[in-house]
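The working numbering applies: residue 42 is where the sequence shown begins, and numbers increase by one.
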Amino acid sequence: MKKDLLTINDLSTSEIKEILDLAKELKQNRYNSGEALNGKTVGLIFEKPSNRTRVSFEVGITELGGHAIYLGSYEIDLGKRESPKDVARVLSRYLAGIVARTFSHKTVVELAKYSSIPVINGLTDYQHPCQALSDLFTIKEKKGLSNITVAFIGDGNNVLNSLLYICHRMGIKINASCPRGYEPDKETLKEVAGSAAIFNSPSDAVKGADVVYTDVWTSMGQEKEYRKRLKAFKKYQVNSELMKLANKDAIVMHCLPAHRGQEITDEIIDGESSVVLDQAENRLHVQKAILVKLLK
Ligand code: CP
Ligand code: NVA
Numbered sequence: 042m043k044k045d046l047l048t049i050n051d052l053s054t055s056e057i058k059e060i061l062d063l064a065k066e067l068k069q070n071r072y073n074s075g076e077a078l079n080g081k082t083v084g085l086i087f088e089k090p091s092n093r094t095r096v097s098f099e100v101g102i103t104e105l106g107g108h109a110i111y112l113g114s115y116e117i118d119l120g121k122r123e124s125p126k127d128v129a130r131v132l133s134r135y136l137a138g139i140v141a142r143t144f145s146h147k148t149v150v151e152l153a154k155y156s157s158i159p160v161i162n163g164l165t166d167y168q169h170p171c172q173a174l175s176d177l178f179t180i181k182e183k184k185g186l187s188n189i190t191v192a193f194i195g196d197g198n199n200v201l202n203s204l205l206y207i208c209h210r211m212g213i214k215i216n217a218s219c220p221r222g223y224e225p226d227k228e229t230l231k232e233v234a235g236s237a238a239i240f241n242s243p244s245d246a247v248k249g250a251d252v253v254y255t256d257v258w259t260s261m262g263q264e265k266e267y268r269k270r271l272k273a274f275k276k277y278q279v280n281s282e283l284m285k286l287a288n289k290d291a292i293v294m295h296c297l298p299a300h301r302g303q304e305i306t307d308e309i310i311d312g313e314s315s316v317v318l319d320q321a322e323n324r325l326h327v328q329k330a331i332l333v334k335l336l337k
């Protein structure tokens, strides 16, 4: 039976732990990480731009002995040139797996429903599970996973949703601070009750935090709301004043790309507590582990 990774809930807690353990091994033996994808081809269907996700998946697939085909919006034009259903059924005849970055989460659900090969979510408007798994790996490397408090400052978006679910699953406390009207949806908050708390004020959220995380105020697909969001999020910036309220040795995380001067200052993203480049690198190791688990 094929297994998809569309949301964090597609993985059990033990599967999450197995991915972290395997990622650690793969990181230690980067250029000797086996040939799990030998002779296999993976399709990367991307409706939106990407640096980290595309490059880390392509490099990871190569390092595992496989081959990646990038299918940008001009090639496939999902839903316009061809329905997700037909794309999924046809690609299943050629490929060993699909990584898909789509505007609507419904599109990856549709691709997974009609494909006989695993579909991995490379970011939708609802979740970014590969990011959250890699972030958990980075937190484990830097801080360990026991008695950790994560503070997320900013938008109740795809990145926060996936972090909420993964923290809930791993028993990690997460404080999110979002402007009114930009909180994660009620159903998500109900599902993660017990591990997540929502604060209006960023200062309250970062008190006692070991990890301070932020992401852009305007995500891909929301560009028309850019000006409105600039105003709404003005006070939700990770800067040195805010960081003074977190634990002394707190680390700063950002999934990138960053809008410097908006959600985070240069001083903080380039400062000593920032782990954003390790975070970006770890996408490679963790996604290799995901590929091995799902596609081998
Ligand atoms: N963090 C992340 O997914 O980056 P890209 O959008 O560049 O892939
Ligand atoms: N929330 C951002 C994350 C980018 C990696 C977006 O969806 O654009």
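Ideal placement from N, C-alpha and C gives every residue a C-beta, glycine not left out.
| Query | Result |
| --- | --- |
| Do A321 and L283 come within 7 Å of each other at the CB atom, strictly closer than that value? | no |
| Which whole-angstrom value is the C-beta distance of D196 and Y223, which I expect to be below 8 Å? | 5 Å |
| Between A246 and chain B, is any beta-carbon pair separated by less than 7 Å? | Among the protein chains of the structure shown there is no chain B, as only one such chain exists. |
| Between C171 and the ligand NVA, is there a pair consisting of the residue's CB and a ligand heavy atom that are separated by less than 6 Å? | no |
| Among the residues of its own chain, which have a CB less than 8 Å from the CB of Q263, if the five just before and after it don't count? | R270 |
| Does at least one heavy atom of the ligand CP sit under 6 Å from the Cβ of C296? | yes |
| How many Å lie between I189 and K214 at the Cα? | 7 Å |
| Buried or exposed: D256, going by 16 or more other Cβ atoms within 10 Å of its Cβ? | buried |
| Go ahead and pull the three-state DSSP assignment for K248. | coil |
| Assuming L105 contacts S74 under a Cβ cut-off of 8 Å, what Cβ separation, rounded to an integer in Å, is found between them? | 6 Å |
| Whole angstroms are fine: how far does the CA of K65 sit from the CA of F178? | 8 Å |
| Do you know offhand how far D127's Cα is from S157's? | 12 Å |
| Quick one: what's got a C-beta closer than 7 Å to F144's C-beta in the same chain, skipping five residues either side? | E88, K89, D166 and G262 |
| For D176, is the classification buried or exposed, using 16 other Cβ atoms within 10 angstroms of its Cβ as the cut-off for buried? | buried |
| Please tell me whether G84 and L52 are closer than 7 Å, where the distance is taken between their beta carbons. | no |
| Looking at the unbroken alpha helix (DSSP H) that takes in A141, where does it start and where does it end? | Premise fails: A141 lies in the beta strand (DSSP E), G138 to R142, not in any alpha helix (DSSP H). |
| Can you tell me whether V131 is buried or exposed? The criterion is at least 16 other CB atoms within 10 Å of its CB, across all chains shown. | exposed |
| Looking at the unbroken beta strand (DSSP E) that takes in T148, where does it start and where does it end? | T148 -> not in any beta strand (DSSP E); alpha helix (DSSP H) instead, spanning H146 to Y155. |
| The beta strand (DSSP E) with G222 in it runs from where to where? | Element bounds for G222: n/a, residue is neither H nor E. |
| Heavy atom of the ligand NVA less than 6 Å from the Cβ of N199, yes or no? | yes |
| Contact defined as beta carbons within less than 8 Å: I believe K334 pairs with I60. What is the distance between those atoms, to the nearest angstrom? | 6 Å |
| Could you check where the alpha helix (DSSP H) with I207 kicks off and where it finishes? | N199 to M211 |
| At a cut-off of 6 Å, would you count D176 as near the ligand NVA, judging by its Cβ distance to the nearest heavy atom? | no |
| Helix, strand or coil: which one does DSSP assign to M294? | strand |
| Just how far apart, CA to CA, sit E182 and K68? | 12 Å |
| Using a 10 Å radius around the Cβ and a threshold of 16 neighbouring Cβ atoms, would you call W187 buried or exposed? | As written in the sequence, residue 187 is Ser, which differs from the Trp given in the question. So S187 counts as exposed. |
| Output the boundary residues of the alpha helix (DSSP H) element that contains Y5. | Residue 5 lies beyond the range of the chain shown here (42 to 337); nothing can be said about it. |
| Since I believe S218 is in contact with Y267 (beta carbons under 8 Å), could you give me their beta-carbon distance rounded to a whole number of angstroms? | Not really, about 21 Å apart at Cβ, beyond 8 Å. |
| Any heavy atom of the ligand NVA closer than 6 Å to the CB of D226? | no |
| Which one or two residues does DSSP pair with N280 in a beta bridge? | In the DSSP output, where bridge partners are listed per residue, N280 has none listed. |
| What are the start and end residues of the alpha helix (DSSP H) that includes F274? | No alpha helix (DSSP H) holds F274; DSSP gives it neither H nor E. |
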